[in-house]
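Read through the structure below, which is laid out as structure tokens, and then see the notes.
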Amino acid sequence: MDAGASRNGGGRVAAGHHAELRGVTRVYPAVAGYRPVHALGPVDLDLRRGEFFSVVGPSGCGKSTLLEVLAGLQPPSEGKVSFEGKPVHGQVPEGVGVVFQEDASFPWLTVWDNAAFGLRRAGVDSAEIERRVGDALAFMGLKDFQRAYPAQLSGGMRQRVCIARTLVLQPRLILLDEPFGALDAQTRLLMGDEVLRLWRRTGATILLITHALDEAAMLSDRVGVMSARPGRFLDLVETKWPKERDSTIVSEAGFGEVTARLWHHLRGESMKALGQSGAAAAGGRAEA
Ligand code: ADP
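Going by my numbering, the letters in the sequence shown line up with residues 22 to 309, in that order.
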């Protein structure tokens with residue numbers, strides 16, 4: 022879908038794609054009386070180094086499956102997945118960070134210890150941990166809360182802790198699976214600004230899974246629109262936003278055009294997905 026050289030956050034030109042999916046499908050095997058579920062694909066995707074790419078699609082169309090296959094957390098049933106030119110299989114590659122949809126902070130650890138968790142496990146020396154955790158907490162506005170426990174924080178702040186925990190690993194590709202799903206609309210807009218800031222500062226490639234069209238339209242360089250299950254890409258929408266952008270872009274005329282184009286595809290697909298879930302509910306074991 023995207024050929025040729027691409028730019029990373031620092032403006033250097035790098036040949037090839039940062040991550041690639043080629044002919045990827047994912048079929049969940051049959052379990053206890055249920056038929057196999059063809060969740061995804063076939064899908065081709067070329068992520069450009071340093072871009073902000075979002076995936077939108079109806080509920081249950083395979084978005085999370087796509088992210089997990091790209092992260093190496095699930096094997097593709099067919100096709101190939103690569104990151105920085107190397108095949109991905111069996112584990113999250115070094116250089117890839119994942120932030121999940123639920124608040125996944127550890128309730129028994131302080132904010133500081135949550136952020137330090139991955140580095141300690143990787144055996145990074147304590148001075149380096151001190152430096153990276155301090156930096157990530159300052160960047161995410163959590164410095165004053167470093168001794169607090171997650172239960173003492175708001176949902177938005179707990180999700181910042183999860184982002185800080187990924188950030189300290191200095192990922193070059195950040196995969197975000199509905200990270201703001203549980204937050205109210207205003208907090209989501211502000212968290213979107215945080216993620217844009219993080220994206221500019223790190224120069225990382227970002228892939229964001231979301232069901233929110235406005236979120237995808239506001240944040241992304243490109244938005245991949247997926248069909249109802251099995252999810253395939255119906256359209257890739259280039260927003261052409263400037264790199265220095267924030268949530269105020271929602272008041273621009275171009276923003277309405279992008280969301281209208283996304284909704285044009287998604288309206289029909291969401292109705293199909295509703296039909297699928299209705300059929301599954303009526304038939305009990307009607308997955309195909
Ligand atoms: P989305 O993220 O777009 O909501 P998912 O990738 O979570 O979609 O799921 C796609 C389809 O695969 C859904 O029909 C879901 O029920 C099914 N599915 C997801 N995980 C599993 C699993 N582990 N086993 C069987 N089916 C699954």
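C-beta: ideal position from N, C-alpha, C; glycine also.
Just so you know, these numbers come straight off a predicted model, no measurement behind them.
Nearest candidate by alpha-carbon position, reference residue i, set the options
i      : options                           : result
Ile184 : Leu217, Gln173, Ala206 and Ala172 : Leu217
Ser291 : Val244, His232 and Val271         : His232
Gly202 : Glu215, His39 and Ile230          : Ile230
Pro263 : Leu257, Pro57, Phe73 and Thr46    : Phe73
Gly100 : Arg47, Ala40 and Asn135           : Arg47
Glu265 : Leu66, Val64, Ala159 and Leu219   : Leu219
Leu42  : Asp256, Ser75, Val58 and Pro108   : Pro108
Sub-9 Å separation of residue i and residue j beta-carbons
i      : j      : result
Arg181 : Leu163 : yes
Phe138 : Arg186 : yes
Ala249 : Gly81  : yes
Pro79  : Lys261 : no
Thr86  : Ala125 : no
Ala76  : Gly275 : A small fix is needed here, since residue 76 is Val in this sequence, not Ala. In this structure, Gly275 does not lie closer than 9 Å to Val76 by Cβ.
Residue environment, residue i, which counts as buried when at least 16 other CB atoms sit within 10 Å
i      : result
Gly118 : buried
Gln297 : buried
Thr269 : exposed
Arg141 : exposed
Gly144 : exposed
Between the CA atoms of residue j and residue i - distance to the nearest angstrom
i      : j      : result
Gly213 : Asp205 : 12 Å
Phe127 : Ala281 : 39 Å
Arg221 : Arg56  : 44 Å
Ile150 : Met161 : 16 Å
Arg208 : Gln191 : Strictly speaking, residue 208 in this sequence is Thr, with Arg absent from that position. C-alpha separation (whole angstroms): 25 Å.
Asp134 : Gly289 : 46 Å
Leu88  : Leu68  : 12 Å
Asp256 : Gln112 : 29 Å
Ala237 : Leu188 : 21 Å
Taking contact to mean 3 or more Cβ pairs, one atom from each stretch, closer than 8 Å, check whether the segment 91 to 98 and the segment 162 to 177 are in contact.
No, because fewer than three Cβ pairs between the segment 91 to 98 and the segment 162 to 177 fall closer than 8 Å, the two stretches do not touch.
Whether or not the segment 44 to 54 and the segment 226 to 235 are in contact is what I'm after, with contact meaning three or more pairs of Cβ atoms, one per stretch, closer than 8 Å; do they touch?
Between the segment 226 to 235 and the segment 44 to 54, the count of C-beta pairs closer than 8 Å stays below three; the two stretches do not touch.
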